[in-house]
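Peer 1:
Number of protein chains: 2
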Amino acid sequence: MLKKERHDFIMRQINLHNRVLTSDLVQLLTVSEDTIRRDLQELADEGLLFKVHGGALSKSYHSSFDDSTVYARDSKIIIAKKATNLITDGMVVLTGGGTTILEFVKQLPKNIEATFFTISPLVAVELAKYNNIEVILIGGLFSKNSQVTYGGQVITQLAELKADLCLMGTSAIHPEQGLTDTYWEINQLKKAMLAASKKTAVLCISEKLDIALRLRVCPIGSISYLITELDQDHESLTGYRDKEVNIL
Amino acid sequence: MLKKERHDFIMRQINLHNRVLTSDLVQLLTVSEDTIRRDLQELADEGLLFKVHGGALSKSYHSSFDDSTVYARDSKIIIAKKATNLITDGMVVLTGGGTTILEFVKQLPKNIEATFFTISPLVAVELAKYNNIEVILIGGLFSKNSQVTYGGQVITQLAELKADLCLMGTSAIHPEQGLTDTYWEINQLKKAMLAASKKTAVLCISEKLDIALRLRVCPIGSISYLITELDQDHESLTGYRDKEVNIL
DNA sequence: TATATTATTGCAATAAAACGCAAAAACACG
DNA sequence: CGTGTTTTTGCGTTTTATTGCAATAATATA
Numbered sequence: 076m077l078k079k080e081r082h083d084f085i086m087r088q089i090n091l092h093n094r095v096l097t098s099d100l101v102q103l104l105t106v107s108e109d110t111i112r113r114d115l116q117e118l119a120d121e122g123l124l125f126k127v128h129g130g131a132l133s134k135s136y137h138s139s140f141d142d143s144t145v146y147a148r149d150s151k152i153i154i155a156k157k158a159t160n161l162i163t164d165g166m167v168v169l170t171g172g173g174t175t176i177l178e179f180v181k182q183l184p185k186n187i188e189a190t191f192f193t194i195s196p197l198v199a200v201e202l203a204k205y206n207n208i209e210v211i212l213i214g215g216l217f218s219k220n221s222q223v224t225y226g227g228q229v230i231t232q233l234a235e236l237k238a239d240l241c242l243m244g245t246s247a248i249h250p251e252q253g254l255t256d257t258y259w260e261i262n263q264l265k266k267a268m269l270a271a272s273k274k275t276a277v278l279c280i281s282e283k284l285d286i287a288l289r290l291r292v293c294p295i296g297s298i299s300y301l302i303t304e305l306d307q308d309h310e311s312l313t314g315y316r317d318k319e320v321n322i323l
Numbered sequence: 076m077l078k079k080e081r082h083d084f085i086m087r088q089i090n091l092h093n094r095v096l097t098s099d100l101v102q103l104l105t106v107s108e109d110t111i112r113r114d115l116q117e118l119a120d121e122g123l124l125f126k127v128h129g130g131a132l133s134k135s136y137h138s139s140f141d142d143s144t145v146y147a148r149d150s151k152i153i154i155a156k157k158a159t160n161l162i163t164d165g166m167v168v169l170t171g172g173g174t175t176i177l178e179f180v181k182q183l184p185k186n187i188e189a190t191f192f193t194i195s196p197l198v199a200v201e202l203a204k205y206n207n208i209e210v211i212l213i214g215g216l217f218s219k220n221s222q223v224t225y226g227g228q229v230i231t232q233l234a235e236l237k238a239d240l241c242l243m244g245t246s247a248i249h250p251e252q253g254l255t256d257t258y259w260e261i262n263q264l265k266k267a268m269l270a271a272s273k274k275t276a277v278l279c280i281s282e283k284l285d286i287a288l289r290l291r292v293c294p295i296g297s298i299s300y301l302i303t304e305l306d307q308d309h310e311s312l313t314g315y316r317d318k319e320v321n322i323l
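Protein sequence lines correspond, in order, to chains A and B. As numbered in the numbering used here, residues 76 to 323 make up the first sequence, in order. As numbered in the numbering used here, residues 76 to 323 make up the second sequence, in order.
1. For A/G253, return the contacting residues in chain B, with the cut-off set at a CB-CB distance below 7 Å.
2. Taking 9 Å as the threshold (beta carbon to beta carbon), is A/D141 in contact with chain B?
3. Thinking just about the alpha-carbon of each residue, which of A/L312, A/L284, A/R289, A/E319 is nearest to the one in A/S297?
4. 9 Å is my cut-off, CB to CB: does A/G215 come that close to chain B?
5. Under 9 Å between the Cβ atoms of A/Y225 and A/I194?
6. Are the segment 249-265 of chain B and the segment 179-190 of chain B touching by the rule of at least three beta carbon pairs closer than 8 Å?
7. Given B/L212, which residues of its chain have a CB within under 7 Å of its CB, disregarding the five upstream and five downstream residues?
8. Do you know offhand how far A/T66's Cα is from A/E80's?
9. In the DSSP output, what is B/L290 paired with across the bridge?
10. Applying the 10 Å Cβ sphere with the 16-neighbour rule, what's the burial state of B/T231?
11. Going by C-alpha to C-alpha distance, which of A/Q228, A/H92, A/G130, A/L284 sits closest to A/V101?
12. Could I get the ranges of all uninterrupted alpha helix (DSSP H) runs contained in the segment 116-204 of chain A, with 4 residues as the minimum, in chain order?
13. Does any residue of chain A bring its CB to less than 9 Å from the CB of B/G122?
14. Does the Cβ of A/K266 have 16 or more other Cβ atoms within 10 Å, making it buried, or fewer, making it exposed?
15. For A/I154, collect the residues of the same chain with a Cβ closer than 8 Å to its Cβ; drop the 5 residues on either side in sequence, then sort them by chain order.
16. First and last residue of the beta strand (DSSP E) that includes B/S272?
17. Does DSSP classify B/D239 as helix, strand or coil?
18. With distances taken from CA atoms, which of A/R148, A/S135, A/V95, A/T170 is nearest A/H128?
19. In this structure, does DSSP put B/G314 in helix, strand or coil?
20. From A/E310 to A/Q252, what does the alpha carbon distance come to, in whole angstroms?
21. So, does the CB of A/K156 fall closer than 9 Å to a CB anywhere in chain B?
22. Spatial neighbours of B/Q88 within its chain, please: CB distance less than 6 Å, with the 5 preceding and 5 following residues excluded, ordered by chain position.
23. Beta-carbon within less than 8 Å of B/L269's beta-carbon, same chain only, minus the 5 sequence neighbours each way: which residues are those?
24. Apart from the five residues just before and just after A/K283, which ones in its own chain have a Cβ nearer than 8 Å to its Cβ?
25. Is A/E80 helix, strand or coil by DSSP?
26. Pull up the distance between the alpha-carbon of A/A189 and that of A/D239, whole angstroms please.
27. Distance check for A/M243 and A/Q222, CA to CA, integer angstroms please.
28. DSSP state of A/T245, grouped into three classes?
29. How is A/N321 classed by DSSP in three states: helix, strand or coil?
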């Protein structure tokens with residue numbers, strides 16, 4: 076393999092996973108550690124990556140690392156990590172959009188093998204970094220506000236799908252009123268997503284608990300899992316536990 | 076064997092395998108290393124390949140690899156700006172993916188009013204920043220390499236569409252061979268995109284001119300506009316102008 | 001702090017490239 | 001046809017690039 080090809084390979088790995096380990100590259104490219112280190116050094120000299128102890132990091136990733144613009148990011152990371160426990164190899168998963176779902180994707184183990192349907196382009200791009208995940212993007216009208224596809228075409232496609240698990244964020248959940256929303260289009264969309272999945276997990280930060288909005292998506296009983304940043308036995312979650320929702 | 080024949084042979088190898096080794100060519104052509112090096116040097120001087128230590132690499136291959144640091148970004152901005160002139164209010168536009176198309180979106184005037192169909196999630200997200208553009212993302216399998224949707228579902232949806240204009244990038248264009256590609260899936264996709272549009276504009280940097288790859292997308296006559304970073308009357312474009320392609 | 005992992009450095013073997021040169025072939029032209 | 005010129009090619013030599021190894025230093029991790 077030519078040196079230039081190795082460099083291209085390394086850059087592709089970097090762009091895909093935001094990081095590379097020297098040891099991984101040694102195996103993948105079957106050259107000595109020294110060669111990989113020199114490669115990384117040269118690429119770093121060109122300003123294409125950050126060389127660190129043990130490997131290298133993507134520049135873009137590094138600069139956008141502390142993305143403090145994401146609201147309540149710490150809570151969302153906790154939620155995302157909990158959600159990954161629901162995913163097992165071979166699963167067919169359907170996801171919505173939103174920062175919490177995006178964080179969930181970033182927390183997935185690198186080698187997981189699954190099929191993901193999603194209505195979020197950003198989630199699709201993030202999922203594409205995983206070699207063993209098949210990604211299907213559900214197409215349709217693209218919403219400027221929520222950054223997901225919606226509308227009749229999406230609902231038609233969802234009607235043909237039966238996923239093992241649906242992961243969605245929400246702007247409101249209430250022990251009596253269930254899942255509710257403000258916009259009719261999003262409401263219709265979520266109904267279709269629920270119908271397209273055997274089980275549904277709702278990911279939301281605690282401040283969205285006990286809120287009911289105008290339009291009802293489903294009763295609380297239709298939710299299989301509720302994932303918040305709170306402890307499983309936190310008192311705020313009593314109302315949901317009583318309705319036999321699994322609290323994670 | 077004549078020198079020209081050797082050059083043709085080398086270029087065929089390059090387009091077929093994206094790479095050649097000096098040592099292989101020495102054996103295949105039974106000439107000395109010096110001769111091969113001189114051949115590669117001359118072809119590199121003509122801009123037909125990248126000469127590297129140990130051999131040479133295809134230009135299209137190389138530039139499709141590193142999509143982090145956008146290759147030839149200045150040229151792509153020039154191309155993108157030219158392309159925006161093709162867009163008028165009320166138009167229905169279909170776009171592919173790639174860094175050049177993405178740059179094109181960023182160069183669009185803010186108040187333009189149009190409908191955009193796209194197979195690229197990144198393009199969709201960028202288009203969503205424009206208030207008066209309706210964005211429809213065409214869904215399907217998501218390609219980890221080219222970051223666009225593809226496959227049967229995409230082609231079925233394209234079959235129902237008739238856009239005014241299709242904008243696509245390419246890895247190779249040739250005055251006699253037309254538009255060509257290396258991968259069958261992408262080839263099928265581009266054919267469907269062409270069929271779904273009244274006119275087609277191809278955006279590519281000049282180093283992709285006069286290259287023919289394995290699979291043919293369409294003859295040069297099917298292209299309405301060719302947009303490069305070169306001046307309209309540049310001599311490299313003569314072959315295309317003769318085929319009645321509009322050069323921008 | 002102790003231990004394991006990862007980096008750095010200088011060095012040597014090998015491979016590739018560059019350079020100058022000369023033989024051979026192709027070409028130009030009276 | 002002959003002669004001078006240009007092009008092409010290969011050879012030997014020098015220079016440079018690439019790679020792996022071993023000894024040592026730095027860094028991470030328990």
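Glycine is no exception: its CB is placed at the ideal position from the N, C-alpha and C atoms.
Peer 2: Checking against the coordinates, here is how it stands:
1. Taking the first residue of the first sequence as position 1, residue 253 of chain A is located at position 178. None at all; the shortest Cβ gap to chain B is about 29 Å.
2. As a first step, residue 141 of chain A must be located in the first sequence, where it is residue number 66. Unreliable placement is indicated for A/D141, whose pLDDT of 42 sits below 50; the coordinate value is still reported in the next sentence. False, the Cβ-Cβ gap to chain B never drops below 9 Å.
3. Residue 297 of chain A sits at position 222 when you count from the first residue of the first sequence. Selected option, being the one with the closest Cα: A/E319.
4. One-based indexing of the first sequence puts residue 215 of chain A at position 140. Yes - at least one Cβ of chain B is within 9 Å of the one on A/G215.
5. Here residue 225 of chain A refers to the residue found at position 150 of the first sequence. Here residue 194 of chain A refers to the residue found at position 119 of the first sequence. Yes, the Cβ-Cβ distance between A/Y225 and A/I194 is below 9 Å.
6. no
7. Here residue 212 of chain B refers to the residue found at position 137 when the second sequence is read from its first residue. Within the same chain, B/L212 has close Cβ partners T193, P196, A199.
8. Since the displayed chain A opens at 76 and closes at 323, residue 66 of chain A lies outside it and no answer follows.
9. Within the second sequence, residue 290 of chain B is the residue found at index 215, counting from 1. In DSSP, B/L290 forms a bridge with B/D256.
10. By 1-based counting over the second sequence, the position of residue 231 of chain B is 156. Counting Cβ neighbours within 10 Å, B/T231 comes out exposed, since fewer than 16 surround it.
11. As a position in the first sequence, residue 101 of chain A is number 26, starting the count at 1. Comparing Cα-Cα distances from A/V101 to each of A/Q228, A/H92, A/G130, A/L284, the minimum goes to A/G130.
12. 134-138, 148-159, 174-182, 196-202
13. Within the second sequence, numbered from 1, the residue matching residue 122 of chain B stands at position 47. Not one chain A Cβ lies under 9 Å of B/G122.
14. By 1-based counting over the first sequence, the position of residue 266 of chain A is 191. It counts as buried.
15. On the first sequence, position 79 is the one that residue 154 of chain A refers to. These residues qualify, in order along the chain: T175, E178, F179, L278, C279, I280, I302, T303, E304.
16. Within the second sequence, residue 272 of chain B is the residue found at index 197, counting from 1. Note, B/S272: beta strand (DSSP E), 272-278.
17. Taking the second sequence and counting its residues from 1, one reaches residue 239 of chain B at position 164. Here B/D239 sits in strand by DSSP.
18. Along the first sequence, read from residue 1 onward, the residue named residue 128 of chain A stands at position 53. Closest option to A/H128, Cα to Cα, is A/V95.
19. For the purposes of this step, residue 314 of chain B is taken as residue 239 along the second sequence, with counting starting at 1. In this structure, B/G314 counts as helix in the three-state DSSP scheme.
20. On the first sequence, position 235 is the one that residue 310 of chain A refers to. On the first sequence, position 177 is the one that residue 252 of chain A refers to. Their Cα atoms are separated by approximately 19 Å.
21. By one-based count along the first sequence, residue 156 of chain A stands at place 81. False, the Cβ-Cβ gap to chain B never drops below 9 Å.
22. By 1-based counting over the second sequence, the position of residue 88 of chain B is 13. The residues are V95.
23. Position 194 of the second sequence, counted from the first residue, corresponds to residue 269 of chain B. So the qualifying residues of the chain are C241, T275, V292, C293, S297.
24. In the first sequence, residue 283 of chain A corresponds to position 208, counting from 1. Counting only Cβ-Cβ distances below 8 Å, and skipping sequence neighbours, we find T245, S246, A247, I248.
25. Position 5 of the first sequence, counted from the start, is the residue given in the question as residue 80 of chain A. Here A/E80 sits in helix by DSSP.
26. On the first sequence, position 114 is the one that residue 189 of chain A refers to. On the first sequence, position 164 is the one that residue 239 of chain A refers to. Between A/A189 and A/D239, the C-alpha separation is close to 11 Å.
27. Walking along the first sequence from the start, residue 222 of chain A turns up at place 147. Walking along the first sequence from the start, residue 243 of chain A turns up at place 168. Roughly 14 Å separates the two Cα atoms.
28. Sequence index remark: in the first sequence, residue 245 of chain A carries index 170 (1-based). In this structure, A/T245 counts as coil in the three-state DSSP scheme.
29. In the first sequence, the residue the question calls residue 321 of chain A occupies position 246. Note: A/N321 maps to strand in three-state DSSP.
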